[in-house]
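One structure is given here, and the rest of the page talks about it.
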Amino acid sequence: MSFNGDIGKSRLLPDDQQLVGNASVQPPPEVMPLFGALGYSNYAPNLGNLFTWGPFDCLDDPQYNASLNSGAGFNGLDSLCHQIPLPLEPPSILQTPRSSTPIEPATLRSLPTPAEEIHQSSQTAAHVPNDPTVSSSTSSRGDLDSHSEDDLLIAENFFHVGAIRNETYEKIQSFYLSQTDICFKELAFPDVNRLNCLVQLYFEYFHAQMPFIHPIMLESDGSWVLVLAVAVIGSQYTRMAMGRQYIIVLSELLRRAIPLDAMKALQFDAVTLAQSTLLLNVNLVFNGFRDNIINLQFLRTWLATLIRPFLKPHSKRDSALLDVSRTVNIHGRWHAWLQAEAHTRLVYAFFLLDSFCVIFHDMQPSYTIDDFEHRLPYPDELWSSQDAHSWASHLQSCQETPAITIREFLSPSCSNDLSLEQLPWFNRLTVLLGLFVGEKQAVNASQCSARFLVPSGNPCTLPYLQETPNSYSSLDSRYQLLEPNCTLAKSVPAFADCFNICYHLISIFRYTSIRDILAYTGWLVTTVESIAAGNRIAQMMEKDTERARKCVVHAGAIIRELRGVSAPACYHCFSLLFAFLYLWVYERFQAGTTTEMRHSDRSSPYRLLRIDRDPDPVLEKQWIAGDADCRPY
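Under the UniProt record's numbering, the first residue of the sequence shown is numbered 1, with each subsequent residue one higher.
Pasting the structure below:
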């Protein structure tokens, strides 16, 4: 896509042309320099790079939260956008990525400057320990210079799984040595102890976010590609001095290790290959670099192809899968159950990642809800059992979960007596994402039909298209059943946290589309397209102000959920980004109303609604209803 093309030649849809023709919204001036930055030959900024994936609290970083701590309040969001540097020259803070942010390996060949900077910084680290460019994010990560590398290796070895076998490491190292590209010669490669720590970090920080690889199965599998894939995700959380180089090298190694040929894929175990490819896609989705989206488009399709045989339970291909009821030995029953559950969790982990692509990148889902015929996974207590006797004990004590598929759960014929309290948190999250993805598919189909069925020359085209909703009110009751319970959420932090964040984010995207929000900010669009998106948002907020304010509360809830997180999950950066983007967009379109209220004669002060803290429910309802005495802060 061209960023500096002739706007006059841009082709808009008929309804967009009418919106621009009657434009009352101007493109945001704060983001216009972004187009100049995108045209810079050695710099490709990314919205995802504003925040980092790993053990780092972006809200505690003074580089990024100056306006949050200055008392600017809710009406200071524009000043926050002003403080994010977007000059015609690339800002220095984004030129050198932080230690937990990878660089697209393909970029290293065409743009060698970042690799040289990383190589120089790694050499300087040994001689200039107090250089702030070397120890990035020291305010939140701590002073690493006071600890030796050996102490760090001890601290990051959590012993979740057995140490990597020497033969497995030798296979990974041999594949690394066979690469001839210069980026592999310039960047460091972890030794066996460091690689083992990266695997342990995976199970310490990431495993709870997407539990589909059992530690016992990883130890018994012996696949060096799967170990490499696990280490790639774990490298996002390391504090090692060469951590950023490990991310680059291991990520590129994994991309090259995954076979993209159907005949070569037959040489791998089907489950292992699908698991490894899934982790590669996780890395591409959440590493925050725009160039990797191109790789993601292809590899996501390849992953969907690898997953297809597992969509149907107990298919003919599962010849190694034993029926649990046929085994007498408790160890045999456990291993048979592990294999069956691993297939189920692989399918729904793919569904989880595919749904994140729909939510965060506005992609089309790979499959429909009807394609997922597996029953929802068993509780995590059973899956996390480390031996057969522990599994048998949990099997007797665990509350029996309904054997139901996501398709059956979302169908109108599903019994109302089926309580969501019976579902584990992973299953609740799956149901929530399935409901949103299914609704989005229906919305896209109706909007597509509206464009093709209504003649473009018809003057009623624009009103007809504007009546096509971003969501269906008939599904509101379903979403209300899924509304998070704060009391229950505190007992299970891993998936309860993800469920709460996704619920609030989905509530925002059911009101206004992510495509319009990104287009209005100027992301990958022309000025004309940005104006059209701004007019659509303005008309929507004017039509339903109450729901727009509810989304402000949802955005504040996301910030509240993430404020105290010391080790952010992979999806946290995007969630926080879109929460702030919605608040920024809302503030711009509601500025006129806010200014009117600000200059009105008042004898009493406003009652402030702190959206970033636990708000007063009564005050929240009053502000949403339009009470002029209430103000968000």
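Every residue gets a Cβ at the ideal spot worked out from N, C-alpha and C, and that includes glycine.
Asked: Considering Cα atoms alone, identify which of Leu395, Phe360, Glu167 and Leu201 is closest to Leu152.; Found: Leu201
Asked: How would you call Pro91, buried or exposed, if buried means at least 16 neighbouring beta carbons within 10 angstroms?; Found: In this predicted model, Pro91 has a pLDDT of only 32, less than 50, meaning its place in the structure is not dependable; the value taken from the coordinates is given anyway. Classification of Pro91: exposed, given that the 10 Å Cβ count is below 16.
Asked: Between Pro632 and the rest of its own chain, which residues show a CB-CB distance below 7 Å, the 5 nearest in sequence each way excluded?; Found: Phe74, Val552, Leu609, Ile611 and Trp623
Asked: What are the complete beta strand (DSSP E) segments, minimum 3 residues, inside the region 297-380?; Found: none
Asked: In the structure shown, what three-state DSSP assignment does residue 637 receive?; Found: Past the edges of the chain, shown from 1 to 633, lies residue 637, and the structure says nothing about it.
Asked: How would you call Lys185, buried or exposed, if buried means at least 16 neighbouring beta carbons within 10 angstroms?; Found: exposed
Asked: Arg194 lies in the alpha helix (DSSP H); which residues open and close that run?; Found: Val192 to Leu201
Asked: Looking at the unbroken alpha helix (DSSP H) that takes in Leu284, where does it start and where does it end?; Found: Ala270 to Phe286
Asked: Can you name the start and end residues of the beta strand (DSSP E) that Leu609 belongs to?; Found: Arg607 to Leu609
Asked: Is it right to say Ala336 is buried, meaning 16 or more other beta carbons lie within 10 angstroms of its own, or is it exposed?; Found: buried
Asked: At what residues does the alpha helix (DSSP H) containing Asn166 begin and finish?; Found: Asn166 to Leu177
Asked: Assign Tyr472 to one of two classes, buried (16 or more other C-beta atoms within 10 Å of its C-beta) or exposed (fewer than that).; Found: exposed
Asked: Kindly list the residues whose CB is nearer than 6 Å to the CB of Ile7, restricted to its own chain and excluding five residues on each side of it in sequence; keep chain order.; Found: Because Ile7 sits at a pLDDT of 35, beneath the cut-off of 50, its placement in the model cannot be relied upon, and the following sentence gives the value as read from the coordinates. Excluding positions up to five away in sequence, the list reads Thr526, Thr527 and Val528.
Asked: The alpha helix (DSSP H) that contains Thr545, what's its start and end?; Found: Thr545 to Leu562
Asked: Assign Pro615 to one of three DSSP states: helix, strand, or coil.; Found: coil
Asked: Under DSSP, the alpha helix (DSSP H) around Val525 begins and ends at which residues?; Found: Counting along the chain, Val525 falls outside any alpha helix (DSSP H), and DSSP gives it neither H nor E.
Asked: Are the beta-carbon atoms of Ala519 and Ala533 separated by less than 8 Å?; Found: yes
Asked: What number of angstroms, rounded off, separates the C-alpha of Leu253 from the C-alpha of Tyr176?; Found: 7 Å
Asked: For Thr405, which of helix, strand or coil comes out of DSSP?; Found: strand
Asked: Are the CB atoms of Thr368 and Ile406 nearer to each other than 8 Å?; Found: no
Asked: Using C-beta distances below 8 Å, list every residue in its chain close to Asp221, excluding the 5 sequence neighbours before and after it, in chain order.; Found: Asp269 and Thr272
Asked: Is it right to say Glu439 is buried, meaning 16 or more other beta carbons lie within 10 angstroms of its own, or is it exposed?; Found: buried
Asked: When you measure from the CB of Cys573 to every non-hydrogen atom of the ligand ADP, does any distance come out below 7 Å?; Found: No copy of the ligand ADP appears in this structure; indeed no ligand is present at all.
Asked: Reducing DSSP to helix, strand and coil, say where Tyr205 ends up.; Found: helix
Asked: Within this structure, are the beta carbons of Ala342 and Ser276 separated by less than 8 Å?; Found: no
Asked: In angstroms with no decimal places, state the Cα-to-Cα distance between Val199 and Lys264.; Found: 26 Å
Asked: So, for Asp162: in the same chain, excluding its five sequence neighbours on each side, which residues have a beta-carbon less than 7 Å away from its beta-carbon?; Found: First, the amino acid is wrong: residue 162 is Gly here, not Asp. Same-chain partners within the cutoff: Glu219.
Asked: Which residue's Cα is closest to the Cα of Thr521: Leu583, Pro605, Trp383 and Ile508?; Found: Leu583
Asked: Count the other CB atoms, across all protein chains shown, that sit within 10 Å of the CB of Asp191; report buried if there are 16 or more and exposed otherwise.; Found: exposed
Asked: Alpha carbon to alpha carbon, how far is Asp516 from Met540? Give it in angstroms, no decimals.; Found: 11 Å
Asked: Verify whether the separation of the beta carbon atoms of Phe189 and Val249 is less than 8 Å.; Found: yes
Asked: Measure the alpha-carbon distance for Ser79 versus Phe350 and round it to whole angstroms.; Found: Confidence at Ser79 is low in this model, with a pLDDT of 39, below 50, so the placement of that residue should be treated as unreliable; the coordinate-derived value is given next. Cα to Cα, Ser79 sits roughly 39 Å from Phe350.
Asked: Would Ala567 and Tyr205 be called neighbours here (beta carbons separated by less than 8 Å)?; Found: yes
Asked: I'd like the list of long-range same chain contacts for Val225, defined as Cβ closer than 6 Å, with 5 residues on each side in sequence excluded.; Found: Ala257 and Ser276
Asked: For Gly234, count the other beta carbons within 10 Å of its own beta carbon; 16 or more makes it buried, fewer makes it exposed. Which is it?; Found: buried
Asked: Pull up the CB-CB distance for Cys357 and Val285, whole angstroms please, since I reckon it's below 8 Å.; Found: 6 Å
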